[in-house]
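Residue numbering for the sequence shown follows my numbering, starting at 144 and increasing by one per position.
Every residue gets a Cβ at the ideal spot worked out from N, C-alpha and C, and that includes glycine.
Because the structure is a prediction, the values reported are computed rather than measured.
Right, one structure below, let's go through it.
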Amino acid sequence: MTTLLRATFVIVLLCAPAIALAQNPIRRCIGTNGQPVFTDQPCSAMNATAAVPAPTGTPAGNSSSAQPPLPMLCAKHVADLRQVIVDAFATREANRIGGVVLWDGYGSKSAVADIQVIGAMLRQPLVSVGGAGEDADSASEIAVTTSDAGGSRTSRFGIVRQAGCLWLRPPD
144 MTTLLRATFV
154 IVLLCAPAIA
164 LAQNPIRRCI
174 GTNGQPVFTD
184 QPCSAMNATA
194 AVPAPTGTPA
204 GNSSSAQPPL
214 PMLCAKHVAD
224 LRQVIVDAFA
234 TREANRIGGV
244 VLWDGYGSKS
254 AVADIQVIGA
264 MLRQPLVSVG
274 GAGEDADSAS
284 EIAVTTSDAG
294 GSRTSRFGIV
304 RQAGCLWLRP
314 PD
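Right, dumping it as structure tokens:
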């Protein structure tokens with residue numbers, strides 16, 4: 144009887160790693176509305192983008208180029224929102240800003256049009272990121288000034304507090 148128990152125990156131990164490997168990993172994605180999505184499916188199957196880049200197989204210390212910062216999912220301070228804007232200009236990624244925009248009440252056509260406006264803004268050189276109440280988390284907007292051949296242009300993003308996070312409204 145003990146031999147049968149030992150054999151069963153050994154079989155269970157040998158099968159445990161195979162069972163663990165068969166499970167799908169949980170993927171962290173950003174949905175089209177800027178909200179986090181957690182799924183066992185590939186992000187692309189959910190019409191979302193990966194929030195964490197796929198591993199490249201290169202150790203972090205050996206990387207010749209710096210990885211862009213991960214997208215912010217919930218800004219706690221106005222300075223965080225400003226940093227998102229600076230990072231978006233550095234990488235020329237409109238979706239970085241789109242990820243911290245509160246899209247409630249926007250139709251998909253309006254959201255796409257606003258992302259295109261943000262994308263056009265990101266193609267211009269950044270002059271400054273500021274706004275009313277720059278030193279406090281009580282700011283009501285962030286002003287982004289860019290330059291082009293005709294001078295400078297300032298776009299203003301309203302700041303909304305919702306669900307414990309700070310969000311931007313699309314630029315005016």
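If you measure between the beta carbons of residue i and residue j, is that distance less than 8 angstroms?
i, j, result
"Gln-267", "Ser-290", "yes"
"Val-227", "Arg-239", "yes"
"Ile-302", "Leu-224", "yes"
"Val-229", "Leu-311", "no"
"Ala-237", "Ile-258", "yes"
"Pro-179", "Ala-194", "yes"
Pull up the DSSP beta-bridge partners for residue i, would you.
i, result
"Glu-361", "In the structure displayed, the chain extends from 144 to 315; residue 361 sits before or after that span and is not available."
"Arg-312", "In the DSSP output, where bridge partners are listed per residue, Arg-312 has none listed."
"Ile-173", "Pro-179, Thr-192"
Note down, in chain order, each residue of its chain lying with its Cβ closer than 8 angstroms to the Cβ of residue i, except the 5 sequence neighbours on either side.
i, result
"Ser-295", "Val-270, Thr-288, Thr-289"
"Arg-299", "Gly-274, Glu-284, Ile-285, Ala-286, Val-287, Pro-314, Asp-315"
"Met-189", "Cys-172, Gly-174, Val-180, Thr-182"
Sorted by chain position, which residues of the same chain lie with C-beta nearer than 6 angstroms to residue i's C-beta, five sequence neighbours on each side aside?
i, result
"Cys-217", "Cys-308"
"Ile-261", "Ala-237, Ile-240"
"Thr-297", "Ala-286, Thr-288"
Helix, strand or coil for residue i, going by three-state DSSP, please let me know.
i, result
"Ser-207", "Unreliable positioning characterises Ser-207 in this predicted model, as indicated by a pLDDT of 48, which lies under 50. A coordinate reading is not provided."
"Gly-307", "coil"
"Asp-183", "coil"
"Ile-154", "helix"
"Val-255", "helix"
"Thr-192", "strand"
"Asp-291", "strand"
"Leu-265", "helix"
"Arg-235", "coil"
"Val-244", "strand"
Excluding the five sequence neighbours on either side, which residues of its own chain have a C-beta within less than 7 angstroms of the C-beta of residue i, listed in chain order?
i, result
"Ile-154", "none"
"Gly-293", "none"
"Gln-305", "Leu-245"
"Val-272", "Arg-225, Ile-228, Val-229, Ile-285, Val-287"
"Leu-265", "Ala-231, Phe-232, Arg-235, Ala-237"
"Cys-186", "Arg-170, Cys-172, Thr-192, Ala-193"
Taking CB distances under 8 angstroms as the criterion, tell me whether residue i reaches chain B.
i, result
"Ile-258", "No chain B appears in this structure, which consists of one protein chain only."
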